[in-house]
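Undergrad:
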Ligand code: 5GP
């Protein structure tokens, strides 16, 4: 990296890495994007993934869609801050980009799973981990069904995985804050307030 990139005029000590996790169907993407909109200078980290792009995805905005061989290269060249297998596909966070944004004093938002969050916390203990919980298991199951995206068997698989993820998240030192998404607006406001307080703003 050039000296110029290392000493940008916008460099501040205010950079913060924010991890947001939660089971599928819990509303974490909406909360993540809400935090990004509400906090000036925040940036969303676009992960690399080997999963297939859907019509709802925009390349370079939601993900960088890569082949298995490209993902292998990212791992071999140590270009990922963390990576994990989620539902049989690989997802990873670009370390160079994240480091650069942190040096610029940005709030860098990672929307990643529990395994990825564990790896990030081990490398960067100063990262702020937030886990989004459903109001209850019944509500989560209902929300997964309401999305009408999948078969009942696939929904039950996601539901079982969600319960496992919540148990892992609760058991271990990864997350600083648990937010129950009983209402999207309220939950987003709680996340924004917690981040502002953590940054001392
Ligand atoms: P989806 O395929 O539905 O967009 O995402 C599936 C899961 O992958 C979500 O739980 C999301 O948090 C997780 N995920 C997305 N990007 C990353 C990443 O870079 N690293 C890890 N560990 N998980 C990710």
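In my numbering, the protein residues as written are 1 to 201.
Built from N, CA and C at the ideal position, the CB exists for glycine as well.
Predicted model only: the values in this text are computed from it and were never measured.
What residues match up with residue 64 in a beta bridge as DSSP calls it?
TA: In the DSSP output, where bridge partners are listed per residue, residue 64 has 48.
Undergrad: Sort 98, 118, 153 and 139 by Cα distance to residue 183 and report the nearest one.
TA: Nearest option by C-alpha distance: 139.
Undergrad: In angstroms with no decimal places, state the Cα-to-Cα distance between residue 166 and residue 188.
TA: Cα-Cα distance, rounded: 19 Å.
Undergrad: Would you mind reading off the limits of the beta strand (DSSP E) that contains residue 82?
TA: Its beta strand (DSSP E) spans residues 80–86.
Undergrad: My parser needs the beta strand (DSSP E) runs of 3 or more residues fully inside the segment 132–190; what are they?
TA: Within the segment 132–190, the complete beta strand (DSSP E) runs of at least 3 residues are 177–180.
Undergrad: Please list, in chain order, all residues of the same chain as residue 36 whose beta carbon is under 7 Å from its beta carbon, the five residues on each side excluded.
TA: The residues are 42, 44 and 109.
Undergrad: Helix, strand or coil: how does DSSP classify residue 39 here?
TA: Coil at residue 39, not helix or strand.
Undergrad: Helix, strand or coil, according to DSSP, for residue 2 in the structure here?
TA: Residue placement at residue 2 is poorly supported in this model, since its pLDDT is 46, which falls under 50; the coordinates still yield a value, given next. Residue 2 falls in the coil class under three-state DSSP.
Undergrad: Can you tell me where the beta strand (DSSP E) holding residue 224 begins and where it ends?
TA: The chain is shown from 1 up to 201; residue 224 falls before or after that span and cannot be answered.
Undergrad: Between residue 186 and residue 97, what straight-line distance do the alpha-carbon atoms span, to the nearest angstrom?
TA: Taking the straight line from one Cα to the other gives about 31 Å.
Undergrad: Would you report the Cα separation of residue 89 and residue 58, rounded to the nearest angstrom?
TA: Those two C-alpha atoms are separated by around 18 Å.
Undergrad: Determine whether the beta carbon atoms of residue 117 and residue 19 lie at a separation below 8 Å.
TA: Yes, the pair counts as a contact, with Cβ atoms nearer than the cut-off.
Undergrad: Using beta-carbon positions only, say whether residue 163 and residue 111 come within less than 8 Å of one another.
TA: No, the Cβ-Cβ distance between residue 163 and residue 111 is not below 8 Å.
Undergrad: Out of curiosity, what's the CA-to-CA distance linking residue 127 and residue 101?
TA: Each residue's Cα considered, the two are about 14 Å apart.
Undergrad: Starting from residue 103, follow the alpha helix (DSSP H) in both directions and report where the run begins and ends.
TA: 95–103 is the extent of the alpha helix (DSSP H) around residue 103.
Undergrad: Less than 7 Å separating the Cβ of residue 13 from some heavy atom of ligand 1?
TA: Residue 13: no, Cβ never under 7 Å from ligand 1.
Undergrad: Within the present structure, is the beta-carbon of residue 49 separated from the nearest heavy atom of ligand 1 by less than 7 Å?
TA: Yes.
Undergrad: Based on Cα-Cα distance, which residue from 17, 200, 62 and 13 lies nearest to residue 107?
TA: Out of 17, 200, 62 and 13, 17 has the C-alpha closest to the C-alpha of residue 107.
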